[in-house]
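If you read the sequences in order, they're chains D and C.
Residues in the first sequence are numbered consecutively from 1447, following my numbering.
Residues in the second sequence are numbered consecutively from 4, following my numbering.
A short worksheet on the structure shown next.
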Amino acid sequence: MSFRSSITIVASPRPRVGKTLLARLLADFHRHEGRAVATFDLNAGDKTLEHFLPEQTTTASIRDINGQIALFDRLVADENTTKVIDLGHESFESFFAVTHQIGFVEEARSRSIGVAILFTMTPDKTSVEAYRSLRARFSHATLAPVHNQMLGPAQHRDKYPLASGSPVVRIPVLAPGLRRYIETPPFSFADAQLADTAGIPVSAHVEIQRWLRRIYLEFRELDLRILLADLRSSIRFGS
Amino acid sequence: MAKPAVILVGADKGGVGKTTVARTLIDYFGAHQTPTRAFDTESPRGTLKRFHPDLTEVVDVTAVADQMKIFDTLGSADAKVTVIDVRAGLLSSTLQALTDIGFLESAKKGQITFAVFHILGPSIASLEEIAETARVMGDANYFLVKNFINNTTFFDWDPATYNSYFKRIKGAEEITIPKLNEMAYEQVEVASVPFVSFVGNKGAKNEAANYSFVLRGYVRHWLGNVWGEYDRVKLVDLVAPKMESNVRQAAG
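Structure below.
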């Protein structure tokens, strides 16, 4: 990968579409792959991410300029860490407005940091419009729609135009009985030992691992697509 | 040889951001590879000189010796554009002095390009000044600059009053300088570097600096908007028409 590291923004203007779970899965995927990970929680209040990733998570706010400096300057800092942002729905608009205004994606690219936006698809007009607006404003970022099958089997692909070579990331359904294990902290997808200590039955553990492997496959696919797109543009522009 | 251009940046009141506008102009001409020099009339302090020490000389525009330094060198200086930051309250008297030495006459004849950037303060007092300067200016390129940089509130003038003054100057154009985040503005002040250097994360001697990326981003966005205004009024065409047409030929 010609990018030294990456920043992934997990976003949707809707609440309760599985953003924090997706952020956790991504963070644990990168840890599983042996990368150093930092996560940033841009949700009002509940601190869910911090309960699951206490060592990695920084609570961030972009309401004032000091918060913006604390977040964005850290994001582009040279520290060889993969970064994941869990962007709460209430900060969606202001976050991308600032990101656009300060030229964040371009700055990151100039420092060999790739920026990806994972956008959870829902059929409502607000989300569809928000997605289109992101596509128009952030041509240098990889914008990947996410189909969270836990929200229902419906595909909204026709409403979400894809950039060429950009995949849809699928999050398969996890059996309802197993949700309580992964949603009760402490729990980490990256820690194989934790299953034993947290008292999760072996059958459930196996099922969660199987589910997890399918998701990790999706993430690897996404990484490859980003790499390919990057290679293609470097060949085209000869840089 | 293209004819020299002189830009007066003035206001009748202090604290309306006159020097800030002068700085954006110097950066703008720099970005267009137009050699520029500047005179700072805030003798002896020289705020402009602090930001652009290599280009700027501090002068007393009311003293004949310094007038010679500025205007007698117009044809011989390497710089194509001369930006003069006129101290608060001296705009009218400077224009009067320019009339007396026959400078405005040469501008009228087209030997020199002459433009005035009149920075407007948020009070009606500064509008009275427009009427006074209009009398002297005649056909010069006149820009009324509404400076919002340090101000969130809108100008509290009555639009009818404003327009009645505005119309007194033939061909006057309005330029709006948008607001810049306070902290971003302060950090550039502290760094004492040109806006372009701040955006490029460079210090006064072109060494690598370590400014906040967020603040640099805000300054870049703001400076882009200011330059967009200068593009809109075709400022480069005005001061360096020849160079611009070469660029167009090369591009076309």
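We treat Cβ as the ideally placed atom computed from N, Cα and C, and that holds for glycine.
All values derive from a computational prediction rather than experimental measurement.
Give the DSSP-derived three-state secondary structure of residue i in the structure shown.
i, result
"A207 of chain C", "coil"
"F1565 of chain D", "strand"
"L183 of chain C", "coil"
"V236 of chain C", "coil"
"D1487 of chain D", "strand"
"G1560 of chain D", "strand"
"N1594 of chain D", "strand"
"I178 of chain C", "strand"
"G255 of chain C", "Any answer about G255 of chain C is weak, because its pLDDT of 34 lies below 50 and its placement is not dependable; what the coordinates show is given next. If DSSP states are grouped into helix, strand and coil, G255 of chain C belongs with coil."
"T37 of chain C", "coil"
"T164 of chain C", "helix"
"E247 of chain C", "Because E247 of chain C sits at a pLDDT of 45, beneath the cut-off of 50, its placement in the model cannot be relied upon, and the point is left open."
"S1588 of chain D", "The displayed chain sequence assigns Thr, not Ser, to residue 1588 of chain D. Looking at T1588 of chain D - three-state DSSP - the assignment turns out to be strand."
Taking the alpha-carbon of residue i as reference, which of the options has the nearest alpha-carbon?
i, options, result
"F1498 of chain D", "D:T1466, D:D1604, D:G1480 and D:T1527", "D:T1466"
"F1635 of chain D", "D:E1552, D:S1452, D:V1619 and D:A1469", "D:A1469"
"R1625 of chain D", "D:L1517, D:H1651, D:L1670 and D:D1604", "D:H1651"
"F1584 of chain D", "D:H1546, D:A1457, D:L1471 and D:P1607", "D:H1546"
"D1492 of chain D", "D:N1512, D:A1473, D:E1479 and D:E1536", "D:E1536"
"T1568 of chain D", "D:I1654, D:A1600 and D:A1516", "D:A1600"
"L1471 of chain D", "D:L1517, D:S1680 and D:V1483", "D:V1483"
"M1596 of chain D", "D:Y1577, D:W1657 and D:P1632", "D:W1657"
"K149 of chain C", "C:P38, C:K6, C:K111 and C:G20", "C:G20"
"I1548 of chain D", "C:V239, C:A243, C:S215 and C:G231", "C:S215"
"D88 of chain C", "C:G113, C:T136, C:V62 and C:D81", "C:V62"
"K1488 of chain D", "D:F1542, D:V1561 and D:V1574", "Residue identity differs from the one stated: residue 1488 of chain D is Leu in this sequence, not Lys. With distances taken between Cα atoms, L1488 of chain D lies closest to D:F1542."
"P1459 of chain D", "D:P1591, D:L1674, D:S1573 and D:A1638", "D:S1573"
"V222 of chain C", "C:I180, C:L238 and C:E210", "C:I180"
Would residue i pass as an interface residue toward chain D - the criterion being a Cβ-Cβ separation below 8 Å?
i, result
"N184 of chain C", "yes"
"V119 of chain C", "no"
"G220 of chain C", "yes"
"V217 of chain C", "yes"
"H224 of chain C", "yes"
"G255 of chain C", "Confidence at G255 of chain C is low in this model, with a pLDDT of 34, below 50, so the placement of that residue is unreliable and no value is reported for it."
Is there a Cβ of chain C sitting closer than 8 Å to that of residue i, yes or no?
i, result
"F1550 of chain D", "yes"
"V1522 of chain D", "yes"
"E1553 of chain D", "yes"
"I1559 of chain D", "no"
"F1518 of chain D", "yes"
"Q1502 of chain D", "no"
"Q1595 of chain D", "no"
"I1515 of chain D", "yes"
"Q1547 of chain D", "yes"
"I1455 of chain D", "no"
"L1658 of chain D", "no"
"I1617 of chain D", "no"
"I1511 of chain D", "yes"
"H1478 of chain D", "no"
Could you check how far apart the C-beta atoms of residue i and residue j are, in whole angstroms? I think they sit under 8 Å.
i, j, result
"T1485 of chain D", "D1532 of chain D", "7 Å"
"L226 of chain C", "V196 of chain C", "Rounded, the Cβ-Cβ distance is 13 Å, inconsistent with contact."
"V139 of chain C", "Q99 of chain C", "7 Å"
"F151 of chain C", "V236 of chain C", "No, F151 of chain C and V236 of chain C are not in contact; Cβ-Cβ is about 17 Å, not under 8 Å."
"L101 of chain C", "L107 of chain C", "5 Å"
"F120 of chain C", "L241 of chain C", "Going by Cβ atoms, the distance from F120 of chain C to L241 of chain C rounds to 12 Å, so no, they are not a contact pair."
"L58 of chain C", "A41 of chain C", "5 Å"
Give the DSSP bridge partners of residue i, in chain order.
i, result
"Y145 of chain C", "C:V119"
"I259 of chain C", "With chain C running from 4 to 255 in the structure shown, residue 259 of chain C is simply not present."
"I2 of chain C", "Shown here, chain C extends from 4 to 255; a query on residue 2 of chain C therefore has no answer."
"D1532 of chain D", "D:V1456 and D:D1487"
"S1649 of chain D", "Beta-bridge pairing links S1649 of chain D to no other residue."
"S1451 of chain D", "D:I1559"
"R1616 of chain D", "D:H1593"
"E1501 of chain D", "Looking at the DSSP assignment, E1501 of chain D forms no beta bridge with any residue, so it has no partner."
"V61 of chain C", "C:D43"
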